[in-house]
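Notes for the one structure printed next.
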Amino acid sequence: MKKYRIDLTEYDVEVQEQTKNKEGEGFHLETVNKPYPLVKNLSDWLRSPGWDNGTEAMDAYMLARQFKSCKEDFIELNEAELKLLKKVMDKLIAQEEDPARGIIPLGGAIHEECICRVYDAKEV
């Protein structure tokens with residue numbers, strides 16, 4: 003069975019933060035670099051509801067545990083595991099935006115590198 007490697011090294015993303023003005027009144031937006039929680043995000047996404055059946059959900063939860071326990075700067079997945087990870091990410095990328103419910107599709111500059119690392123996983 004083929005194996006695929008996903009790079010899990012940490013990286014920073016630019017985000018806009020709201021900070022208080024020095025005078026203590028009002029706020030302003032400031033662009034800062036923050037570490038992207040790659041392993042946490044991938045693990046959390048795999049734990050999200052909406053799987054087709056219990057077996058698929060269990061496989062996703064077990065894969066989430068693999069990500070959480072990984073001590074290396076990479077993880078190697080077989081074809082079925084990579085397909086499962088891509089399936090949950092496809093759902094998150096394609097979901098309808100609903101800011102009132104806090105639903106925002108996966109994408110944009112913040113998630114760009116994560117998406118590229120998963121969908122461009124190298125065969126080993």
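Just so you know, we're using the numbering used here here: the sequence shown kicks off at 3 and counts up by one. Just so you know, even glycine gets a beta-carbon here, dropped at the ideal spot from N, CA and C.
According to DSSP, simplified to helix, strand and coil, what is residue i?
i             : result
glutamate 19  : strand
glutamate 58  : helix
glutamate 114 : helix
glutamate 78  : strand
arginine 49   : coil
lysine 73     : coil
Rounded to the nearest angstrom, what separates residue i and residue j at their Cα positions?
i            : j             : result
threonine 21 : asparagine 55 : 44 Å
lysine 36    : valine 15     : 6 Å
glutamate 83 : glutamate 25  : 52 Å
leucine 40   : glutamate 12  : 7 Å
Quickly, what does DSSP pair residue i with across the bridge? List them, please.
i                : result
valine 141       : For the chain, the structure presents residues 3 to 126; residue 141 sits outside this window and is missing.
phenylalanine 29 : Lys22
CB-CB under 8 Å to residue i, same chain, minus the five flanking residues each way: which ones, in chain order?
i           : result
proline 107 : Leu94, Ile95, Ala96, Gln97, Glu98, Glu99
- Task: Mind the definition here: the segment 67–82 touches the segment 96–105 only if three or more C-beta pairs lie below 8 Å; say whether that holds.
- Result: no
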